[in-house]
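One structure is given below, encoded as structure tokens.
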Amino acid sequence: MSAGKRSNEPIVWFLFGTGGFFAAFFLPVHVLFYGLLFPTGLVHAPSYQETLALVRHPLARIYLFALLTFCFFHAAHRMRLTLSDVLNLRHLNTVLAFLCYGGALVGTAFTVWLLMTV
Amino acid sequence: MSDTIILEVARFNPEDGGEPSYQSYEVPLRPDWMVLDGLNHIKDQLDGSLAFRWSCRMGICGSCGMMVNGRPTLTCETLLMNYAPGPVRVAPLDHFPVVKDLVVDLDDFLAKLQKVRPWVVRKDDFKPAREFIQSPAQLEAFHQFSLCINCTLCYAACPVSGLDPNFIGPAAIALAHRYNLDSRDQGIEDRLDILSQHEGIWDCTVVGECSVVCPKHVDPSLAIQQFKLTATKEWFKSFLLPRGKH
Amino acid sequence: MPQYTQFQPKEYRPKMSAYWYLDHWHYLRYALREASSFFVAYFCVLTLVQLAALGTNATRYAHFQAFMASPVMIIVNVIALAFFLLHAITWFNLVPRVVMRQMLARPTPDIVSSAPNYFVWFGATIILALFIMGVL
Ligand code: SF4
Ligand code: FES
Chain A
303 MSAGKRSNEP
313 IVWFLFGTGG
323 FFAAFFLPVH
333 VLFYGLLFPT
343 GLVHAPSYQE
353 TLALVRHPLA
363 RIYLFALLTF
373 CFFHAAHRMR
383 LTLSDVLNLR
393 HLNTVLAFLC
403 YGGALVGTAF
413 TVWLLMTV
Chain B
360 MSDTIILEVA
370 RFNPEDGGEP
380 SYQSYEVPLR
390 PDWMVLDGLN
400 HIKDQLDGSL
410 AFRWSCRMGI
420 CGSCGMMVNG
430 RPTLTCETLL
440 MNYAPGPVRV
450 APLDHFPVVK
460 DLVVDLDDFL
470 AKLQKVRPWV
480 VRKDDFKPAR
490 EFIQSPAQLE
500 AFHQFSLCIN
510 CTLCYAACPV
520 SGLDPNFIGP
530 AAIALAHRYN
540 LDSRDQGIED
550 RLDILSQHEG
560 IWDCTVVGEC
570 SVVCPKHVDP
580 SLAIQQFKLT
590 ATKEWFKSFL
600 LPRGKH
Chain C
142 MPQYTQFQPK
152 EYRPKMSAYW
162 YLDHWHYLRY
172 ALREASSFFV
182 AYFCVLTLVQ
192 LAALGTNATR
202 YAHFQAFMAS
212 PVMIIVNVIA
222 LAFFLLHAIT
232 WFNLVPRVVM
242 RQMLARPTPD
252 IVSSAPNYFV
262 WFGATIILAL
272 FIMGVL
């Protein structure tokens, strides 16, 4: 491995790292409310209209776009590495990369579309 | 408390072929004995055919690393008492080819170490008329990473180095980083060429166990992650200014 | 790599166990930390489903809410929360330490680099909670 090609990993690593901060700072509170406190009725959930108004706010849209996009790439990168190291699927590296990052791109496309049409 | 302890030692004789096996020896358990003292007792009193490496018996030569109860350990600075009442399993370092018994083949590691050019690299004619002055702050920037004794415990602790034999590995990257941070050095571009490849820093998935087992608190994991930051910065630079000379 | 001659003894090359992450709890902790990524992906998709339901109409959103209230979903989401907390704590203990060391070019106590993140985390959680509950 002398004088070989420098890897292009920095681009996905950068997205992974940024997504890691988003996931760490913001995801716990999201799942806490939407996944636990609202469904069990421990906290009274806002009405449909109120929730809709909240996500239609421009700042909320920007926030959700950044959150979901970076988290998709964070998850994609880590899933790829988990599958290749923990489950030892290193020989499928190209396929895994295609599936994981491809999935993140599809997720991003859906995010943009849903946030523009909601 | 009994005054002996059982050591189960991995034996492998290359001339027999076949698989390694464990052989048990009963050695004295003394409060001041290290695991290495137990092995030396075996070699001197019980079975002279046992092969293992050691030299300084004071944690500085880095040759006595072995798996003790499954953990990478410097046997000359780990008390046998810690494992009482035993038995204690002593095996060669994980992820390395075994030459005999507890002796592993370090050729591959040494070749990797050379590749990262762990010495001061100058691009100019470096003939200083007097000593090169380095401030305490400049020293502090790399001092921690210069403490490595090449014991390769970090390689034995690193699952990635087991999964990918081409991974250049924790100690080599930590030493490369040590020279990159040195104010006298100008070799960072050469080292980036080696370490920015997939088998360089990007193979690392931050298991972090290298830093846990390192007897010298070098923290190779920290060095690798810092290096990833540097490599990423360089990548974006050359992406934005493709023709720019950095 | 050494070349073997006819009479040269062979080395033993150990094979790595497929279940290496069970060898020590540090490795298991690492594997679980990495597994959090599957829950991150799951929750992002779930949020997209929620957005789709919100964008359709009130009945659809009511369906979504009923779906979220099913015991299975609540259990899955409690597990997701546990994984997110594991991710957050391991992240805050690792990443800021690297960035800080890089910027200051000298060792810093871990508490100095991690503590600010816990404060930001705490603040962001309160503010987001108020928005989500519709108080703000
Ligand atoms: S970094 Fe630490 S564990 Fe690795 S070889 Fe150097 S001293 Fe040993
Ligand atoms: S014998 Fe030198 S480090 Fe243990």
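Chains as they are written, first to last, in this note's numbering: chain A, 303 to 420; chain B, 360 to 605; chain C, 142 to 277. Note that the Cβ used here is the ideal one computed from N, Cα and C, for glycine as well. Values in this document were obtained by computation on a predicted structure and should not be read as measured data.
| Check | Outcome |
| --- | --- |
| Spatial neighbours of B:Leu452 within its chain, please: CB distance less than 8 Å, with the 5 preceding and 5 following residues excluded, ordered by chain position. | Gly424, Met425, Met426, Pro431, Val463, Thr511, Leu512, Tyr514 and Ala515 |
| Taking 7 Å as the cut-off, is the C-beta of B:Cys423 nearer than that to any heavy atom in ligand 2? | yes |
| Using the beta-carbon count (16 or more within 10 Å), is B:Arg537 buried or exposed? | buried |
| Does the beta-carbon of C:Ile267, which I'm using as the reference point, lie nearer than 7 Å to any heavy atom of ligand 1? | no |
| Mind pulling the chain C residues with CB within less than 8 Å of A:His376? | Ser178 and Val181 |
| Expressed to the nearest angstrom, what Euclidean distance is found between the alpha-carbon atoms of B:His605 and B:Thr589? | Residue placement at B:His605 is flagged as unreliable, the pLDDT there being 46, under the threshold of 50; the coordinate-derived value follows with that caveat. Distance between the alpha carbons of B:His605 and B:Thr589: 13 Å. |
| Taking all protein chains shown into account, do 16 or more other C-beta atoms lie within 10 angstroms of the C-beta of B:Phe595, making it buried, or fewer, making it exposed? | exposed |
| Give the secondary structure of B:Lys587 by DSSP, where H, G and I count as helix, E and B as strand, and everything else as coil. | helix |
| So that I know if they touch, is there some Cβ in chain C lying closer than 8 Å to that of B:Ala500? | yes |
| Quick check on this structure: which residue in B:Ser408, B:Thr434 and B:Phe504 has the alpha carbon closest to the alpha carbon of B:Cys415? | B:Thr434 |
| If the cut is a Cβ gap below 9 Å, which residues of chain A does B:Phe595 touch? | Pro312, Ile313 and Phe316 |
| My assumption, with CB atoms under 8 Å, is that C:Glu152 sits in contact with B:Val457. Please give the rounded CB distance. | 6 Å |
| List the residues of chain B that A:Ser349 touches, going by C-beta distances under 9 Å, in chain order. | Here the premise fails: no neighbours, minimum Cβ distance about 44 Å. |
| At what residue ranges does the stretch 371-397 of chain A contain a whole run of the beta strand (DSSP E), taking only runs of 3 or more? | none |
| Looking only at its chain, what residues have a beta carbon closer than 7 Å to the beta carbon of A:Met303, apart from the 5 residues adjacent to it on each side? | The predicted position of A:Met303 is uncertain, since its pLDDT is 44 and thus under 50; a value taken from the coordinates is nonetheless stated next. Closer than 7 Å at the Cβ level, and outside the excluded window around A:Met303, lies no residue. |
| Could you tell me the alpha carbon to alpha carbon distance between A:Val420 and A:Pro360, rounded to whole angstroms? | 12 Å |
| If contact means a Cβ-Cβ distance below 7 Å, which residues of the stretch 572-589 of chain B contact chain C? | Leu581, Gln584, Gln585 and Leu588 |
| By the 10 Å Cβ neighbour count, where 16 or more other Cβ atoms means buried, how is B:Gly546 classified, buried or exposed? | buried |
| Suppose contacts are defined by Cβ-Cβ distances below 8 Å. Is B:Val519 in contact with B:Thr564 by that definition? | yes |
| Three or more beta-carbon pairs under 8 Å between the stretch 392-409 of chain A and the stretch 217-234 of chain C, yes or no? | no |
| List the endpoints of the continuous alpha helix (DSSP H) containing A:Val357. | Tyr350 to Arg358 |
| C:Pro330 to A:Leu317, Cα distance in whole Å? | No statement about residue 330 of chain C is possible, as the shown extent of chain C runs from 142 to 277 and does not include it. |
| Can you tell me whether B:Trp413 is buried or exposed? The criterion is at least 16 other CB atoms within 10 Å of its CB, across all chains shown. | buried |
| Using DSSP with H/G/I as helix, E/B as strand and the rest coil, what is B:Glu593? | helix |
| Tell me which residues share the same chain as B:Ile583 and place their Cβ nearer than 6 Å to its Cβ, disregarding the 5 neighbours each side in the sequence. | Ile532, Ile560 and Cys563 |
| Using three-state DSSP, classify B:Val447 as helix, strand or coil. | strand |
| Please confirm whether B:His605 has its beta-carbon closer than 8 Å to some beta-carbon of chain C. | Here B:His605 scores only 46 on pLDDT, less than 50, and its place in the model is too uncertain to base an answer on. |
| Taking all protein chains shown into account, do 16 or more other C-beta atoms lie within 10 angstroms of the C-beta of C:His204, making it buried, or fewer, making it exposed? | exposed |
| Does the structure place the stretch 177-193 of chain C close enough to the stretch 318-333 of chain A that three or more beta carbon pairs sit under 8 Å? | yes |
| Is A:Cys373 near ligand 1, with its Cβ less than 7 Å from a heavy atom? | no |
| Looking at ligand 1, does it come within less than 7 Å of B:Asn509, judged from the CB to the closest heavy atom? | yes |
| Which residues of chain A have a Cβ atom closer than 8 Å to the Cβ of C:His167, listed in chain order? | Simply none; closest approach about 14 Å. |
| Do B:Gly445 and B:Ile364 count as a contact pair if the criterion is CB distance below 8 Å? | yes |
| Is it the case that the CB of C:Val240 approaches a heavy atom of ligand 1 more closely than 7 Å? | no |
| Name the residues in the stretch 401-413 of chain A whose C-beta lies less than 8 Å from a C-beta of chain C; which are they? | Gly405, Gly409, Phe412 and Thr413 |
| Indicate whether at least one CB of chain C lies closer than 8 Å to the CB of B:Leu522. | yes |
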